[in-house]
Amino acid sequence: MSDSHSHSPMFDYQPALPISNGKTFMWLFLSTEIMFFAALIGTFIVLRFGAVAWPSTHDVHLAEIWGATNTFILICSSVTIVLALEAAKKDNASSAKGWMLLTFLLGSVFLGIKAYEYQAKFSHGIYPQQPHSQIYEKADIYYAQAVRMRLSTLKTELESTTDRTEDQNEQIEVIDDIALRLVDPAEKAMRENPDSPAGRVLLLKLADEIYPRASIHENHANAGHAATPDSRFTLVSTSAEGDTGHLAGFNDKHPWLKLPIMIPGGNMWASTYFLLTGFHALHVIIGLIAFVVLLGMTLNRTSAGVIENVGLYWHFVDLVWIFLFPLLYLF
Amino acid sequence: MSNPTNDANSHDDHEHHGGVGIYIAVFVSLCVLTSLSFLTYFDFWRDRVPMEASRAFMMFVSCTKAMLVIMFFMHLKWEANWKWVLTVPASVMSAFLILMLIPDIGLRMRHASNERMIHAAEVPAQDEEHDSQKHTDHPDDSHGAEH
Amino acid sequence: MSTVTADVHSGDHADHAHAGGFLRTYVFSLDHKIIGLQFLFSSLIWFFVGGLLALGIRWQLAYPWAPMPILGNMLAGAEGGQIAPENYTMLVTMHATVMIFFVIIPVLAGAFGNFLIPLMIGAEDMAVPVLNMLSYWFMWPAFIVMGASFFVEGGAAQGGWTSYPPLSVILEAAPGSLNGQTLWLIALTMVGISSMMGSVNYMTTIIQMRAPGMTMFRLPMTIWGMFITAILQAFALPVLTAAGFMQLLDRVAGTGFFLADGATANNALMASGGGQPLLWQHLFWFYSHPAVYIMILPAMGMVSDILSTFARKPLFGYKPMVYSIGGIAGLGFIVWGHHMFVSGMNPMLGMTFMVATMMIALPSAIKTFNWLGTLWGGKIQYTTPMLFAISFVSMFIIGGLSGIFMAATPVDIFIHDTYYIVAHFHYVLFAGTAMAVFGAIYYWFPKMFGRMMNDAWGKVHFALTFVLLNCVFFPMHILGWTGFPRRLADPYHYETFRNLLPLNQFISWCAFIMVGVQVIFVINFFWSMFFGPKAGRNPWHSNGLEWQAPSPPGHGNFDFQPQIYRGPYEYGSPEVEEDYYPQTQPPPAE
Amino acid sequence: MKRFWSLLFLLVPIGGVATFLVAPYFNIVLPRDVSVHGRVIDNLFMFILYLTGAVFIVTELVLFYFMWKYDAKSNSKPVKYSHGSHSLEIVWTILPAVTLLFIAIYQMDAWATAKMNPPNIKPHAEVTGRQFNWDFRYPGGDDELYTEDDIVRTDGKLYLPVDEDILLKITSADVLHSFFLPNLRLKQDVVPGMTQSMWFKAKKTGGYDIVCAELCGWGHYKMKGRVFFLPREEYDQKILEMAAEQNTMRVDLPDEDE
Ligand code: HEA
Ligand code: HEA
Ligand code: CUA
Ligand SMILES: [Cu+2]
C-alpha cells in the first residue's frame with residue numbers, strides 16, 4: 000500500500016510462490032503477452048501458408064542481413080540487461096547504469112534499423128493503404144488501367160504547369176514512353192484477344208519494367224535451379240545489385256513516378272509484416288521507456304527487483320523477435 | 000512463510016546463479032544458432048533438404064534459442080517449480096490456438112481463390128520465347144498449390 | 000456490534016480526509032473498495048442503458064415500424080420515433096455490447112472482484128493498487144467512445160456484437176460501419192486493457208496475498224470463481240485484443256486480414272485481399288466463448304456462498320466444485336468452434352468441438368447437483384439474496400440444458416441464429432448472472448454501505464422479476480423451435496413467421512413491465528444507502544472473512560490481523576454453539 | 000403463504016412443460032419438414048428435448064422439494080452437517096458423462112450426412128448471397144455452370160426438382176449471409192471467397208421460404224427468397240421457360256472484340 004501513514008496494520012500473508020508480487024505480476028503479464036503474440040503469429044502462419052501467392056523476401060525489399068543484425072542486437076541487449084541486473088544485485092550502481100544505458104542504446108539501434116527497413120518498403124510503395132493499395136496482386140487489365148491512370152494524372156499535372164523546366168519535359172517524355180511502349184500494346188492485346196496469353200505476357204512485361212521482382216530474376220541468374228519449384232529459396236546467391244537484392248525498375252529510376260506495382264500476395268504480405276513488426280516495435284518502444292525511467296533511478300540492490308522485472312519483459316521482446324526473424328525473413 | 004513485505008526473499012537466494020561466464024556462453028550459443036538458420040541458404044543444403052524440413056529446422060533453432068533465453072536470461076533454470084505453473088499454460092494455449100486455426104484457415108484457402116492463382120504472376124507456358132527472362136515456376140507459392 | 004462499526008467508519012473517514020481530500024478518496028482512489036463501488040455504479044448505469052436498448056428491440060418486434068412512444072426519438076433518432084432497419088441492428092448490437100462489456104463483465108470482475116477479493120482473502124488491498132485504479136479509469140475512454148458512437152454520422156456499430164467481417168470491415172457495407180464500428184473497436188480495446196490489468200492484479204493478489212491459514216482450499220467459492228475468471232481473461236482477452244486491432248487496421252489502414260479475395264460492397268471491389276473472414280470468427284470466439292464463462296463463474300461462486308450461508312449448511316462437495324470450475328475453464332478454451340458449426344468451418348473440426356462442448360456440460364452438472372446437495376437437509380432462510388441465488392440455480396439449469404441442443408451439431412444447423420440461441424443466452428446471462436448479481440448486491444450491500452437493504456421490497460422485486468423474466472425468455476425457446484431468426488428487424492416479412500406476432504407482443508409487454516419493476520430495486524438501493532437500518536459486521540451470521548471486518552471496512556480493511564482456521568462453509572458445525580463458525584474464530588481449546 | 004417461495008419455483012417446471020405442450024395448439028412448432036433427411040434432425044431435436052426435459056423436470060422438482068421440506072420456518076430437524084459425498088459425486092459425474100457421450104456419438108452420423116458427404120452429382124444451381132438478395136444461376140441446357148447458356152435469375156425464386164438429390168453451390172458476393180431453409184432443416188453461412196455446397200432431397204412440392212440467417216446489414220430482414228420444388232416435368236418446363244426469358248432479356252455484350 001502506498002499510503003504508509005494509514006492506521007491499518009501491515010498484514011501477514013502466506014504467498015504461494017516464493018517470489019515477489021512484482022515478479023508474479025510480471026510473469027502473469029507475460030502470459031497474456033504470449034497469448035497476444037500467439038494470435039498475431041497464428042494469423043500470420045495461417046494466412047501466409049494458406050496464401051495462394053506469397054512474395055519472396057527480396058520481392059518486397061526484405062534483406063536477411065538486416066533481420067540478422069537486429070537479431071544480434073537484441074541478443075546483445077538481452078545480455079547487457081542481465082549484466083545490469085547482476086551489477087545491481089552486487090550493489091554496483093554505476094556499472095548497472097552503464098549496462099542499462101547500453102541496453103537502451105541497443106534497443107534504439109534496433110528501432111533505427113527497423114525504421115530504415117520500413118523506409119525501404121515505403122519508398123517502393125509497399126504498404127497497406129486506404130482506399131486502394133499501391134500493390135496489385137496480378138498483372139491484369141485492371142493493373143494496366145491503374146498504371147495508365149497514374150500516368151495520365153502525372154501528365155496532366157505536368158502539362159498544366161506553364162513554364163516547364165527541362166526536368167519536367169524529360170518527365171513527360173518518360174511518361175509517354177511508358178504509355179506508348181508498354182501500356183498501349185498490353186491493353187491492345189488484351190482487348191483484341193482476352194484469352195490469348197500474348198496480352199498477359201505484355202502485362203507482365205509492363206509490371207516487370209515498373210517493378211522487377213527479385214525472385215523472377217534470381218531464378219534467371221541461377222538457371223540451374225529454375226526448374227525446381229522451390230528455387231526461390233535461392234536467396235543468397237542472387238544476382239541482385241545492392242543489399243536489398245532489388246533490380247531497378249521505373250519506380251526506382253524515376254522516384255516521382257510512383258506507379259502501381261504488381262506483387263502477387265503483396266497486400267497480405269504487407270498487412271502481416273507491418274502488423275507483426277509493428278506490434279513488436281511497439282513493445283520495444285515501451286521497453287525503451289521503461290529503460291529511461293530506470294536510468295533515472297539509482298540502480299542499486301534495492302532496485303534489483305524492478306530491473307529484474309523490466310529485464311523479464313525485455314527478454315520476452317527478444318523472444319518474440321527470435322520467432323519473427325525466421326518467419327518473416329527466412330521462410 | 001510469513002514475511003511482512005514478502006518482497007525480501009526474492010533476490011537473495013539466487014545470487015550465485017547466472018554469472019557473467021554463463022551469460023557469455025549463452026550469448027555465443029545464441030549467435031551460433033542464429034547463423035545456423037542460414038545454413039539453409041547454401042546450395043549444398045538446399046539441394047538435399049526439402050523446404051519443409053528446412054523450415055522445421057529453422058523453427059527448431061528458434062525454439063532452442065528461445066529456451067536458452069528463457070532458461071538463462073530469464074533465470075527460469077534456477078527457479079522453483081512455480082515456473083511451470085506460470086509458463087506452461089500460456090504456451091500450451093497459444094500452441095493450441097495456432098494448431099486449431101490451421102485446418103480451417105491455413106489449409107482451407109487453397110480452394111478459396113483458385114481463380115486468383117491461375118491469374119497470378121506466371122507467364123503462360125506456351126510463350127516462353129516471348130520473354131526469356133521469366134520462367135514458369137511458381138516464384139510465389141510454397142505449397143505447390145498447383146497440385 | 001454496530002457501535003464498533005460506526006466507530007471504525009468514522010475513524011476511517013477521518014483517515015481519508017487527511018489522506019488527500021475528496022478527489023483522492025472517491026475519484027482517483029487506490030482503495031479496492033472504492034474502485035469496486037465505482038465499477039458497480041457505472042455498470043448499473045449502463046445496465047439501465049442496456050435495458051432501454053432492449054426495450055427498443057422489443058418494441059420493434061411487437062409493433063414493427065410503429066413509432067415508439069417516448070423512447071423512440073431517443074433510441075432511434077429517426078422521424079417520429081420509428082425504428083429504421085439499420086437502427087434496429089444498431090440497437091441489437093449496442094444492447095449486447097453494453098450488457099456484456101459494460102455491465103456483466105465489469106460488475107462481476109470489476110465491482111465484486113475488486114470489492115470482495117482482498118476482503119475475502121484477508122489482504123489490505125490489491126497487489127498493485129495503482130494498476131487497479133487505472134483499470135477502472137481505462138473504462139472511461141471506452142464509455143465515452145462507445146457513448147459518442149451513437150451520435151456520429153451513420154450511428155453506432157451495426158455488425159452485431161460478434162462484429163463479423165466483412166460486414167464490419169467494409170466501410171460501405173452498413174451505415175454504422177462508417178464510424179460507429181471504428182469507435183466500437185477502440186472502445187473494446189480499452190475495455191480489454193482494463194480487464195487485462197484487473198485480471199493480472201487479481202491473480203497476483205489471490206496467489207500471493209492470502210492471510211495466514213487461508214490455504215487455496217479454504218478460499219470461498221467466490222474467490223475461486225474470480226480467480227479462474229481472471230485466468231480466463233488473461234489468456235483469452237489478448238486474442239480478442241489482437242483480433243480487434245487487426246479489424247481496426249482493416250478498416251483504417253487498408254490491410255486485409257479479414258477480407259477475402261474479390262470482396263465487393265455496393266458494387267465496389269475491395270483492394271486488398273487474401274484474408275479470411277472465418278479467421279475473425281475463430282479469434283473472436285477464442286475469446287468470447289471463454290468470456291461466457293467469465294460471465295458466469297464469478298456468479299456461480301457468489302451463488303455458492305449465498306446458498307451455503309442461508310441453507311445454514313456446509314457447501315456440498317467443495318472440492319468437486321473447485322475442480323469443476325477449473326474444468327469449465329479448461330474445457331472452455333477448446334469449445335469455441337461451437338459458435339461456428341454452420342459458418343463454413345471445416346466439418347471435421349465441428350465434430351471435435353461438438354464433443355468438447357458436450358463434455359463441458361459435465362462440470363456444470365457437478366456444480367448444479369452440488370448446489371442441490373447444499374440445500375438438501377438444510378434450514379433454508381428465504382432472504383432476498385437467497386431467493387436470487389436459488390433462482391440462479393433454477394434458471395441456469397434451463398439455460399444450460401438448452402445449450403445441449405446447440406452443442407448437437409445437426410440440431411444446431413436448424414437452431415443456429417434463431418431465437419433458441421437468444422433464449423439460451425438470456426437464460427444464462429440475464430436469468431443466471433444478472434439475477435445472481437442482484438442477489439450479490441442484496442447480500443453484500445451491508446458490507447458495502449454499512450446498511451441493510453429492505454428485505455420486503457427486495458422480495459417483491461425478486462418475485463416480479465423472476466416471473467416476468469420467465470415470461471419474457473421462456474417463450475423464446477418455442478420461437479426458436481419454429482426457426483424464428485434473430486437480428487431480424489421485421490420477421491413477419493416471412494410467411495412462416497407471421498403467426499408469431501402475438502407471442503412476440505406478449506414477450507414485449509412482459510419485458511416492458513419487467514424493466515419497470517426495476518424501479519423498485521433502484522429506489523430500494525438508493526434509499527437503503529442512506530436510510531436503511533445499520534448493519535453490524537455480520538448481519539447474515541456468515542462465516543466468511545469479509546464479515547469479520549467492519550461494515551463498511553475502513554482503510555486497510557481489517558482492524559486485526561486475520562488468522563484463518565478453517566474453510567468458509569462451516570455452518571451447523573457440532574464444534575460450536577451457534578450455527579456458524581467464522582473462519583477467524585479459533586477452535587475451542589480441547 | 001408459508002410455502003410461497005417453493006411454490007413459486009414449482010411454477011418453473013410446470014410453466015416450462017406447459018409452454019411446450021401448448022405451443023402446438025397455436026401452431027408454434029417445428030415448421031413442416033419437406034426433406035428426406037430432416038426427420039433425422041427433428042428426431043434428434045425431440046430426443047434431446049425429452050432427455051433434457053426429463054433432467055429439467057427432475058432437477059426442478061428436486062429443487063422445489065428441498066425448498067418445501069427444508070424451509071427453516073418449518074424444518075425442526077438439525078441441519079445435516081455434511082461436506083459432500085464421494086459416491087454421489089461419482090454417480091452424478093458418470094451418469095451425465097455417459098448420457099452426453101451417447102448424444103455426442105449418436106449424432107455424428109447425422110452431421111456427416113448433412114455436412115461432409117456431398118452426393119456425386121453436378122450442381123443444380125449456384126446460389127449467391129448479395130446485399131440484400133439471393134441470386135441464382137442455373138447451368139442451363141449443358142448442365143455446366145459458367146457457360147454461355149447459364150440462366151441467371153435475380154428475382155429470389157429458386158426452382159428445383161422434387162424427389163431428387165439436389166446439390167447447390169453456394170457463395171457470397173459481399174458479406175456473410177446464411178442460406179437457411181427452415182422447411183428443409185438446412186442452414187449454411189455463405190462466405191465471400193469460399194465456395195460451399197449444400198445437398199438435400201425434397202419430398203414435397205410447393206414453395207418454401209429462404210431465410211437469410213446471418214446479419215448482413217440493414218436489409219438483413221428483407222433478404223428473403225422462395226424455393227419451389229416441382230415435379231421433374233414441370234421443372235424441366237420451368238427451366239426452358241426461364242431460358243427463353245433469359246434470351247429475350249439478354250443484352251448483348253458490347254462487341255468490342257470483333
Ligand atoms: C454465461 C453465459 C453462457 C453459458 C454459461 C453458456 C453455457 C453453454 N453454452 Fe452458450 N452461449 C452464450 C452464453 C453462455 N453459454 C451466448 C452469449 C451465446 C450466443 C452468442 C451469440 O451468438 O451471440 C451462446 C451460444 C451457444 C452456442 C452456439 C449456438 C449457435 O450460435 O448456433 C452453443 C453451441 O453449442 C452453446 C452451448 C453451450 C453449452 C453446451 C453450455 C454449457 O456450459 C451448459 C452446461 C450446463 C448444463 C447442461 C445444465 C446443468 C446440468 C445438468 C442439470 C446436468 C444434466 C445434464 C445433462 C445430462 C444434459 N452456447
Ligand atoms: C448480459 C447480457 C444481456 C442482458 C442482461 C440482456 C437483457 C435483455 N435482452 Fe438481450 N441480448 C444479449 C445480452 C443480454 N441481454 C446479447 C449478447 C444479445 C445478442 C445480440 C446480437 O445478436 O448481436 C441480445 C439480444 C437480445 C434480443 C434479440 C434481438 C435480435 O436478435 O433481434 C432481444 C430480443 O428480445 C433481447 C432482449 C433483452 C431483454 C428484454 C432484456 C431484459 O432482460 C433487460 C432488462 C433490463 C433491465 C432489467 C435493466 C434494469 C436497470 C437496472 C436494474 C439499473 C439500475 C440502475 C441503478 C441502480 C442506477 N436481447
Ligand atoms: Cu443476408 Cu442477412
Ligand atoms: Cu460458446
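Residue numbers (numbering that gives the first Met the number 0), protein chains in the order written: chain A, 0 to 330; chain B, 0 to 146; chain C, 0 to 589; chain D, 0 to 257. For glycine and all other residues, C-beta sits at the position ideal for the given N, C-alpha and C.
Starting from residue i and walking both ways along the beta strand (DSSP E), at which residues does that stretch end?
{"i": "D/Trp198", "result": "195-200"}
{"i": "D/Glu213", "result": "Looking at the DSSP string, D/Glu213 is not in any beta strand (DSSP E), and its letter there is neither H nor E."}
{"i": "A/Lys204", "result": "Here A/Lys204 belongs to no beta strand (DSSP E); instead the alpha helix (DSSP H) covers 196-209."}
{"i": "A/Tyr142", "result": "Element bounds for A/Tyr142: not the beta strand (DSSP E) but the alpha helix (DSSP H), 140-159."}
{"i": "D/Glu125", "result": "124-129"}
{"i": "D/Lys168", "result": "164-171"}
{"i": "A/Lys187", "result": "Per DSSP, A/Lys187 belongs to no beta strand (DSSP E); it is in the alpha helix (DSSP H), 183-191."}
{"i": "D/Arg152", "result": "150-152"}
Grab the span of the alpha helix (DSSP H) containing residue i for me, first residue to last.
{"i": "D/Trp4", "result": "3-21"}
{"i": "D/Ser75", "result": "Premise fails: D/Ser75 is in no alpha helix (DSSP H) and is neither H nor E."}
{"i": "C/Arg57", "result": "31-61"}
Are the CB atoms of residue j and residue i within a distance shorter than 8 Å?
{"i": "C/Thr203", "j": "A/Asn20", "result": "yes"}
{"i": "C/Gly376", "j": "D/Tyr69", "result": "yes"}
{"i": "C/Ala435", "j": "C/Val302", "result": "yes"}
{"i": "C/Ala210", "j": "C/Ile563", "result": "yes"}
{"i": "A/Leu110", "j": "A/Val283", "result": "yes"}
{"i": "C/Ala406", "j": "C/Met447", "result": "no"}
{"i": "C/Gly571", "j": "C/Lys312", "result": "yes"}
{"i": "C/Pro164", "j": "C/Asp249", "result": "yes"}
What is the C-beta distance between residue i and residue j, in whole angstroms, given that I count them as a contact (C-beta under 8 Å)?
{"i": "D/Phe63", "j": "D/Leu9", "result": "5 Å"}
{"i": "C/Ala388", "j": "C/Ile305", "result": "4 Å"}
{"i": "A/Thr276", "j": "A/Leu323", "result": "7 Å"}
Return the CA-CA distance between residue i and residue j, expressed in angstroms with no decimal places.
{"i": "D/Ile238", "j": "D/Val151", "result": "11 Å"}
{"i": "A/His60", "j": "C/Gly153", "result": "40 Å"}
{"i": "B/Glu121", "j": "C/Ile103", "result": "Low confidence applies here, because B/Glu121 scores a pLDDT of 48, under 50, leaving its location unreliable; read the following figure in that light. Taking the straight line from one Cα to the other gives about 54 Å."}
{"i": "C/Pro573", "j": "C/Ala439", "result": "28 Å"}
{"i": "A/Leu100", "j": "A/Leu294", "result": "7 Å"}
{"i": "A/Leu201", "j": "C/Phe404", "result": "58 Å"}
{"i": "C/Thr2", "j": "C/Ala488", "result": "A caution first: C/Thr2 carries a pLDDT of 31, below 50, which makes its placement in the model too unreliable to give a value."}
{"i": "A/Glu32", "j": "A/Leu311", "result": "12 Å"}
{"i": "C/Asp578", "j": "C/His476", "result": "43 Å"}
{"i": "C/Gln584", "j": "C/Thr308", "result": "17 Å"}
{"i": "C/Asn453", "j": "C/Val516", "result": "15 Å"}
Are the region 46-60 of chain C and the region 90-101 of chain C touching by the rule of at least three beta carbon pairs closer than 8 Å? yes
Could you tell me whether the region 28-45 of chain D touches the region 409-418 of chain C, where touching means 3 or more Cβ pairs closer than 8 Å? yes
Taking one C-beta from the region 27-39 of chain D and one from the region 331-343 of chain C each time, how about it: are there three or more such pairs within less than 8 Å? no
Cβ pair count under 8 Å reaching 3, the region 418-426 of chain C against the region 511-527 of chain C: no
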